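Asks: Each protein sequence line maps, in turn, to chains C and R. For the first sequence, my numbering assigns the number 74 to the initial residue and increments by one for each residue that follows. For the second sequence, my numbering assigns the number 251 to the initial residue and increments by one for each residue that follows. In this text, a Cβ means the ideal position worked out from N, Cα and C, and glycines have one as well. The model shown is predicted, which means the values in this text are computed figures rather than measured ones.
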Amino acid sequence: MTAETSFSQAPPPEATRRSRLTAQRIRSAWIFLTPMMLALALVAGWPLFRNIYFSFTDASLTNLGAAQWIGFDNYYSKITLPSGREITSGLLVDPEWWRAVGNTLRFAFLSVGFETVFGLIVALVLNAEFKGRALVRAAVLVPWAIPTIVSAKIWAWMLNDQFGVINDVFLKLGLISEKVAWTASPDTAMTAVLIVDIWKTTPFMALLILAGLQMVPKDIYEAAKIDGVHPVKQFFKITLPLIWPAVMVAVIFRLLDALRIFDLIYVLTPNNAQTRTMSVAVRENLFDFDNFAYGSAQATMLFFIIALITILYITLGRVRFDGGK
Amino acid sequence: MNFRAAFAAPSLAALVAGGVLTATPVLAADISMVLGSVGQDAAFMAKEVKLFEEATGHKVTIVPMPASTTDQFGQYRLWLAQGKNDIDVYQTDVIWAPQLADQFLDLSEAAKDVVGAHFPAIIESQTVGGKLVALPIFTDAPGLYYRTDLLEKYGEQPPKTWDELAATAKKIVEGERAAGHKDMWGFVWQGASYEGLTCNALEWVKSSGGGQIVEADGTISINNPEAAGALDRARGWIVDGITPPGVLSYQEEEARGVWQLGNSVFMRNWPYAYGLGSSDDSAVKGKFAAIPLPSVEGQASAATLGGWNLAVSRHSRVQEPATELVLFLTSPEAQKRRAIENSQFPTVMALYDDAELAEKQPVTIMWKDILTNAVPRPSAPTKLKYNEVSSRFWNAAHSVLSGQKTGAAALEELETTLARLQGRGW
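In structure tokens, the structure reads:
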């Protein structure tokens with residue numbers, strides 16, 4: 074301690090110059106960052122704060138101004154019915170909500186899992202040299218480029234049980250014996266949503282992984298070839314470890330996206346308890362039901378659940394956003 | 251934004267047609283109205299609006315919305331809560347009045363000369379705390395459509411009970427499929443998870459003596475054996491192959507699609523399907539009729555009271571012209587045209603004795619029986635919580651229809667959920 078104090082009292086000229094430079098840099102960093110932080114506070118921080126605030130009130134959409142503070146009642150409360158029975162209510166004991174959380178997690182892990190595997194395969198194919206590669210690369214992106222609402226509507230018609238092309242083709246091929254109500258039946262609704270999502274977002278994964286693949290130096294493969302390493306071994310020992318950081322970053326992008334899935338499910342299987350996700354439940358309470366405050370509590374919970382999963386993923390997966398340098 | 255005040259040069263048409271209203275130059279306003287459209291609603295409304303434009307010089311823009319009433323409601327509620335003034339006139343479902351009352355103008359003063367002509371029950375449903383929230387444009391109650399040709403071919407009578415319906419449907423489906431008509435089904439209705447399922451399921455329950463979910467005094471009555479039996483019976487139609495499994499995602503238009511291609515013996519649907527089924531490109535043209543829905547032996551048939559109304563937004567900047575539009579579209583003349591051209595039924599009582607209407611659209615008079623049995627959904631006792639009650643109910647019904655729960659189990663759970671929702675009172 075004393076040594077340090079004396080050090081700062083009589084700094085050598087060299088160090089003074091450096092710290093002055095550092096201070097200047099820090100200052101300009103602040104100047105550059107301030108506008109962005111202000112903008113973020115305005116468009117993200119304030120709404121988030123308002124949302125969390127509303128979750129502790131009895132706000133109603135028609136009259137937000139009259140919201141009264143009610144503490145944790147939206148999350149957990151005990152009420153006595155006129156019949157004298159005491160029941161618990163609130164988000165923490167709401168089976169519908171936990172079911173929506175379960176649906177969301179199942180959807181997120183399954184869709185991201187499949188998309189990663191398929192995206193990797195597509196990326197490997199696109200990384201190979203072949204004629205018309207540029208064209209194929211562009212074509213692969215088409216599902217990603219179509220707005221979700223449009224592709225969801227297209228799929229809704231293709232999956233329609235009476236008029237859909239998928240039932241027609243499957244029947245003719247003899248894969249199914251009678252028309253299947255893909256989006257309506259509880260057994261197939263989630264599968265239908267997963268198929269459409271995987272179809273739609275695999276290109277995104279492929280693109281990010283392809284970018285990682287192109288960073289792998291070619292000479293490693295030449296050396297491996299000379300040493301007679303089997304191509305499969307090459308993939309697991311060279312390619313995969315080298316693109317792993319890129320894959321991990323791609324996965325977290327997709328995971329964040331999948332955890333807040335709304336549009337696809339809202340169009341394809343509206344109000345279906347098997348596929349209702351957190352976002353769908355939030356919207357329903359906020360706007361359809363007279364439960365603005367309860368919806369806000371759900372939205373707050375959604376925020377914390379996603380944050381928790383992201384933090385777990387980053388720490389457990391040791392994700393490095395600098396590409397592993 | 252949508253208010254363009256200008257003195258419109260009175261066109262010849264406006265002078266002629268507007269003779270009754272005014273012959274002097276009118277202050278023209280731009281009015282926007284939203285309209286959830288099923289079948290040919292939008293086309294018909296465009297024609298009506300044109301008449302209004304010619305008569306008054308105002309300009310009306312129709313903003314089309316999705317057919318699902320649940321989707322429309324969410325959007326409208328958001329717009330109205332934001333105080334959005336782009337939309338002046340809203341077409342509202344009969345169940346919305348208690349939930350949106352604060353956002354609409356009180357029409358009782360403007361409509362004081364005409365309210366007496368409408369069915370009192372309908373006007374009452376649109377009156378919240380003495381405020382007339384909306385004026386009815388047409389009323390609605392579903393009926394049972396059946397194929398006269400097929401029933402005749404198999405020597406069957408139109409069913410009076412649900413059991414007769416199932417037996418007849420099964421017989422005809424088996425016969426037709428054996429004869430090579432592979433896509434033939436017995437009975438289509440609306441089983442998707444949305445407001446329409448609440449209507450369907452309420453009819454099954456009510457016509458089986460199982461009450462109305464929440465009674466007029468606010469008691470939750472849904473957990474009873476008759477109601478559970480009614481849901482199990484509907485599940486049975488799917489299991490027995492009378493109803494396609496896809497019905498779990500059908501709304502009105504999907505059911506009509508199957509029916510109008512000639513692929514179903516029976517259909518539960520609203521009157522609009524009558525006009526469309528009689529059109530030239532319909533495979534069932536001239537081969538069908540409609541009757542009240544079946545019931546259980548000893549119970550009365552029940553049809554959910556539907557119908558749509560027009561309301562003026564409190565945030566509108568052209569409230570007077572907008573009110574004028576509402577009065578025009580709900581007038582007896584407009585309702586008569588609507589009944590003849592769009593097979594949607596008048597709310598003006600006198601029209602049911604109208605000779606021309608009886609001749610051109612005899613179904614209106616036939617439907618009078620169905621309308622008198624109409625059952626309201628529990629939107630009045632449950633007030634602001636109606637949407638959530640309805641959603642819980644249709645989810646419970648859907649879980650029975652898809653075979654995840656028995657009727658008894660689903661309704662027991664529903665009762666607890668509704669009790670929790672009711673809390674200290676509706």
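Helix, strand or coil for alanine 273 of chain R per DSSP?
Replies: Mapped onto the second sequence, residue 273 of chain R falls at position 23. Below a pLDDT of 50, predicted positions are generally treated as unreliable, and alanine 273 of chain R, at 40, falls in that range; the measurement from the model is reported next regardless. Three-state DSSP puts alanine 273 of chain R in coil, outside helix and strand.
Asks: Count Cβ pairs between the region 430-440 of chain R and the region 592-611 of chain R that sit closer than 8 Å; are there 3 or more?
Replies: As far as the Cβ criterion goes, the region 430-440 of chain R does not touch the region 592-611 of chain R, which means the pair count is below three.
Asks: Is there at least one Cβ from chain R nearer than 8 Å to lysine 306 of chain C's Cβ?
Replies: Residue numbering aside, residue 306 of chain C sits at position 233 when the first sequence is read from its first letter. It does not; no Cβ of chain R falls within 8 Å.
Asks: Taking C-beta pairs closer than 9 Å, name the residues in chain C that proline 495 of chain R reaches, listed in chain order.
Replies: Working through the second sequence from its first residue, we reach residue 495 of chain R at position 245. Chain C residues near proline 495 of chain R: Asp234, Glu251, Lys252, Val253, Ala254, Ala257 and Ser258.
Asks: Nearest CA to the CA of alanine 478 of chain R: which residue from R/Leu498, R/Tyr500, R/Trp454 and R/Ile488?
Replies: On the second sequence, position 228 is the one that residue 478 of chain R refers to. Measuring from the Cα of alanine 478 of chain R, the nearest candidate turns out to be R/Trp454.
Asks: Measure the CB-CB distance between alanine 550 of chain R and asparagine 450 of chain R and report whether it falls below 8 Å.
Replies: Taking the second sequence and counting its residues from 1, one reaches residue 550 of chain R at position 300. Taking the second sequence and counting its residues from 1, one reaches residue 450 of chain R at position 200. Cβ atoms of alanine 550 of chain R and asparagine 450 of chain R: not closer than 8 Å.
Asks: Along chain R, which residues have their Cβ under 7 Å away from the Cβ of leucine 134 of chain C?
Replies: Position 61 of the first sequence holds residue 134 of chain C. Chain R residues near leucine 134 of chain C: Arg327 and Ala331.
Asks: Classify leucine 208 of chain C: buried if its beta carbon has 16 or more other beta carbons within 10 angstroms, exposed otherwise.
Replies: The sequence position of residue 208 of chain C within the first sequence is 135, counting from 1. Leucine 208 of chain C should be labelled exposed.
Asks: Ignore the nearest five residues each way along the sequence and tell me which others in serine 532 of chain R's own chain have a CB closer than 8 Å to its CB.
Replies: By 1-based counting over the second sequence, the position of residue 532 of chain R is 282. Hits under 8 Å: Gln510 and Leu526.
Asks: Taking one C-beta from the region 355-371 of chain C and one from the region 270-277 of chain C each time, how about it: are there three or more such pairs within less than 8 Å?
Replies: Touching, no.
Asks: Would you say alanine 254 of chain C and asparagine 645 of chain R are within 8 Å of each other, going by their C-beta atoms?
Replies: Here residue 254 of chain C refers to the residue found at position 181 of the first sequence. Here residue 645 of chain R refers to the residue found at position 395 of the second sequence. Their beta carbons are not under 8 Å apart, which means alanine 254 of chain C does not touch asparagine 645 of chain R by this criterion.
Asks: For leucine 267 of chain C and tyrosine 339 of chain C, what's the separation of their Cα atoms in angstroms?
Replies: Taking the first residue of the first sequence as 1, we reach residue 267 of chain C at position 194. Taking the first residue of the first sequence as 1, we reach residue 339 of chain C at position 266. The straight-line gap from Cα to Cα measures roughly 13 Å.
Asks: Report yes or no: do three or more beta-carbon pairs, one from the region 584-598 of chain R and one from the region 304-317 of chain R, lie closer than 8 Å?
Replies: Judged by Cβ distances under 8 Å, the region 584-598 of chain R makes no contact with the region 304-317 of chain R, as fewer than three pairs qualify.
Asks: Have a look at glycine 491 of chain R and proline 408 of chain R and give me their C-alpha separation to the nearest angstrom.
Replies: The count along the second sequence starts at 1 and reaches residue 491 of chain R at position 241. The count along the second sequence starts at 1 and reaches residue 408 of chain R at position 158. Approximately 20 Å between the Cα atoms of the pair.
Asks: For valine 508 of chain R, which residues in chain C fall below 7 Å Cβ to Cβ?
Replies: Numbered from 1 along the second sequence, position 258 holds the residue referred to as residue 508 of chain R. Under the 7 Å cutoff, chain C gives Gln235.
Asks: Please state the DSSP three-state secondary structure of glutamine 325 of chain R.
Replies: Your numbering for residue 325 of chain R matches position 75 in the second sequence. In the structure shown, glutamine 325 of chain R sits in a helix (DSSP, three-state: H, G or I).
Asks: Quick check: the region 373-382 of chain R against the region 505-520 of chain R, are at least 3 beta-carbon pairs closer than 8 Å?
Replies: No contact exists between the region 505-520 of chain R and the region 373-382 of chain R.
Asks: By the criterion of Cβ-Cβ separation under 8 Å, what are the contact partners of aspartate 241 of chain C in chain R?
Replies: Translated into positions along the first sequence, residue 241 of chain C becomes position 168. Result: empty, since nearest Cβ-Cβ is about 11 Å, beyond 8 Å.
Asks: Taking serine 101 of chain C as the query, report the chain R residues whose CB atoms sit under 9 Å from its CB, ordered along the chain.
Replies: On the first sequence, position 28 is the one that residue 101 of chain C refers to. Under the 9 Å cutoff, chain R gives no residues; its nearest Cβ is about 41 Å from serine 101 of chain C.
Asks: By the DSSP assignment, the alpha helix (DSSP H) with leucine 315 of chain C in it spans what residues?
Replies: Stepping through the first sequence from its first residue, residue 315 of chain C is reached at position 242. It spans 313-332 - the alpha helix (DSSP H) in which leucine 315 of chain C sits, taken as one unbroken run.
Asks: DSSP state of alanine 539 of chain R, grouped into three classes?
Replies: Here residue 539 of chain R refers to the residue found at position 289 of the second sequence. DSSP places alanine 539 of chain R in strand when its eight states are reduced to three.
Asks: Could you check where the alpha helix (DSSP H) with asparagine 240 of chain C kicks off and where it finishes?
Replies: Counting from one through the first sequence, the residue named residue 240 of chain C turns up at place 167. It spans 238-246 - the alpha helix (DSSP H) in which asparagine 240 of chain C sits, taken as one unbroken run.
Asks: Comparing the C-beta of glutamate 346 of chain C with each C-beta of chain R, is any distance below 8 Å?
Replies: Working through the first sequence from its first residue, we reach residue 346 of chain C at position 273. Residue identity differs from the one stated: residue 346 of chain C is alanine in this sequence, not glutamate. Alanine 346 of chain C counts as touching chain R.
Asks: Isoleucine 293 of chain C and isoleucine 311 of chain C - do their beta-carbons sit closer together than 8 Å?
Replies: The residue labelled residue 311 of chain C in the question sits at position 238 within the first sequence. The residue labelled residue 293 of chain C in the question sits at position 220 within the first sequence. Yes, they are a contact pair.
Asks: Which residue or residues does DSSP assign as beta-bridge partners of alanine 396 of chain R?
Replies: Taking the first residue of the second sequence as position 1, residue 396 of chain R is located at position 146. This sequence places tyrosine at residue 396 of chain R; alanine is not what is there. According to DSSP, tyrosine 396 of chain R bridges with R/Phe516 and R/Ala539.
Asks: Is the CB of aspartate 336 of chain C under 8 Å away from at least one CB in chain R?
Replies: As a position in the first sequence, residue 336 of chain C is number 263, starting the count at 1. So, not an interface residue.
Asks: Count the other C-beta atoms from every protein chain shown that fall within 10 angstroms of the C-beta of glutamine 332 of chain R, then say buried if there are 16 or more, exposed otherwise.
Replies: The residue labelled residue 332 of chain R in the question sits at position 82 within the second sequence. It counts as exposed.
Asks: List, in chain order, every chain R residue whose beta-carbon is nearer than 9 Å to that of proline 108 of chain C.
Replies: Here residue 108 of chain C refers to the residue found at position 35 of the first sequence. In chain order: nothing, as chain R lies at least about 29 Å away.
Asks: Chain R beta carbons: is any one of them nearer than 8 Å to that of phenylalanine 145 of chain C?
Replies: As a working note, residue 145 of chain C is residue 72 in the first sequence. Output row for phenylalanine 145 of chain C: interface = no.
Asks: Between which residues of its own chain and isoleucine 384 of chain C is the CB-CB distance below 7 Å, once the five residues before and five after are set aside?
Replies: For the purposes of this step, residue 384 of chain C is identified with residue 311 of the first sequence, where counting begins at 1. Answer for isoleucine 384 of chain C: no residue qualifies.
Asks: Where threonine 666 of chain R and leucine 341 of chain C are concerned, what is the direct C-alpha to C-alpha distance, given to the nearest angstrom?
Replies: Along the second sequence, read from residue 1 onward, the residue named residue 666 of chain R stands at position 416. Along the first sequence, read from residue 1 onward, the residue named residue 341 of chain C stands at position 268. Rounded to the nearest angstrom, the two C-alpha atoms are 30 Å apart.
Asks: Would you mind sorting valine 576 of chain R into buried or exposed? The rule is 16 or more other CB atoms within 10 Å of its CB.
Replies: To locate residue 576 of chain R, count along the second sequence from 1; it is residue 326. Valine 576 of chain R should be labelled buried.
Asks: Taking buried to mean at least 16 other C-beta atoms within 10 Å of its own C-beta, is arginine 391 of chain C buried or exposed?
Replies: By one-based count along the first sequence, residue 391 of chain C stands at place 318. Counting Cβ neighbours within 10 Å, arginine 391 of chain C comes out exposed, since fewer than 16 surround it.
Asks: Among all the DSSP beta bridges, which residues are the ones paired with tryptophan 142 of chain C?
Replies: Looking up residue 142 of chain C in the first sequence gives position 69. DSSP output for tryptophan 142 of chain C lists C/Thr130 as bridge partner(s).
Asks: On a Cα-Cα basis, can you pick out the residue from R/Asn637, R/Gln290, R/Gly289 and R/Leu668 that is closest to aspartate 167 of chain C?
Replies: Residue mapping note: residue 167 of chain C aligns to position 94 of the first sequence, counting from 1. Ranking R/Asn637, R/Gln290, R/Gly289 and R/Leu668 by Cα distance to aspartate 167 of chain C puts R/Leu668 first.
Asks: Comparing C-alpha positions only, which one of C/Ala102, C/Ala112, C/Ala114 and C/Ala181 sits nearest to leucine 332 of chain C?
Replies: Position 259 of the first sequence, counting from 1, holds the residue named residue 332 of chain C. Of C/Ala102, C/Ala112, C/Ala114 and C/Ala181, the residue nearest in Cα terms is C/Ala181.
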